[in-house]
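Asks: Dropping a structure here in structure tokens format, bear with me for questions.
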Amino acid sequence: MAKEQGQKMVAQNKKARHDYHIEDTWEAGLVLMGTEVKSLRQGRASLVDGFAEIDNGEAWLLGVHIPEYSQGTWTNHAARRRRKLLLNRSEIDKIERKITDKGYTLVPLSLYFKDGRAKVEIALAKGKKSYDKRHTLAERTANREKVEAVQRRLKGHRD
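Numbering (full-length UniProt numbering), first residue to last: 1 to 159.
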């Protein structure tokens, strides 16, 4: 079988960028069972309730839903089990120091295959207040309207 090349997106957590201020991101490998990999290759996963934590010097991914593989047998995996993240010791220590600050958490942003290996992008994030969310939404709308006005102007339409 030929080795896979490139990147194949499985799942994204779009709401995370809306709900959190993203400080820093890391790419981590995942320790998975065979049926989990097969389910991911079918593009089935949800990062909505997912988060990561550091426990006894190891990084863990919790709350991520990877549904059972449809052709699996009694060896099928649990859909929301704890999954170990593969990070360097220095990265884990750095994350652990930053998480001890009040209000910081680790959230998964995306789950994908990179050269045939399952990877997750995790981010150090701080929760936004509701007024921050409204401000971000208003800013995005204003930028979109500005771009549309410039495009209309370039096409020769008057406002």
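C-beta atoms are modelled at their ideal positions from N, C-alpha and C, and glycine is treated no differently.
Within this structure, are the beta carbons of Tyr20 and Ala125 separated by less than 7 Å?
Replies: yes
Asks: Take the Cβ of Ile122 as the centre, count every other Cβ of all protein chains shown within 10 Å, and call the residue buried at 16 or more, exposed below.
Replies: buried
Asks: In chain order, what residues of the same chain lie with their CB nearer than 8 Å to the CB of Thr25, ignoring the 5 residues before and after it?
Replies: Leu109, Glu121, Ile122, Ala123, Leu124
Asks: Given that a residue counts as buried once 16 or more other Cβ atoms are within 10 Å of its Cβ, and exposed if not, what is Arg140?
Replies: exposed
Asks: Nearest-angstrom Cα distance between Asp132 and Met9?
Replies: Approximately 29 Å between the Cα atoms of the pair.
Asks: Can you check which of these residues, Thr100, Leu61, Lys146, is closest to Ser46 by C-alpha distance?
Replies: Leu61
Asks: When you compare the CB positions of Leu32 and Ala142, do they come within less than 7 Å of one another, or not?
Replies: Cβ atoms of Leu32 and Ala142: not closer than 7 Å.
Asks: Output the distance between the C-alpha atoms of Ile66 and Arg153, rounded to the nearest integer angstrom.
Replies: Cα to Cα, the separation comes out at about 47 Å.
Asks: For Val64, count neighbouring Cβ atoms within 10 angstroms of its own Cβ and tell me buried if that reaches 16, exposed if not.
Replies: buried
Asks: Out of Lys129, Lys102, Asn13, Lys155, state which residue places its alpha-carbon closest to the alpha-carbon of residue 196.
Replies: Residue 196 is absent from the model: the chain starts at 1 and stops at 159.
Asks: Under the three-state reduction of DSSP, which class applies to residue 170: helix, strand or coil?
Replies: Residue 170 is absent from the structure shown; the chain starts at 1 and stops at 159.
Asks: Answer yes or no: do Ala28 and Leu86 have a C-beta to C-beta separation smaller than 7 Å?
Replies: yes
Asks: Run through DSSP, which three-state label would Ile66 get?
Replies: coil
Asks: Thinking C-alpha only, which one of Lys128, Lys84, Lys146, Phe113 is nearest Gly43?
Replies: Phe113
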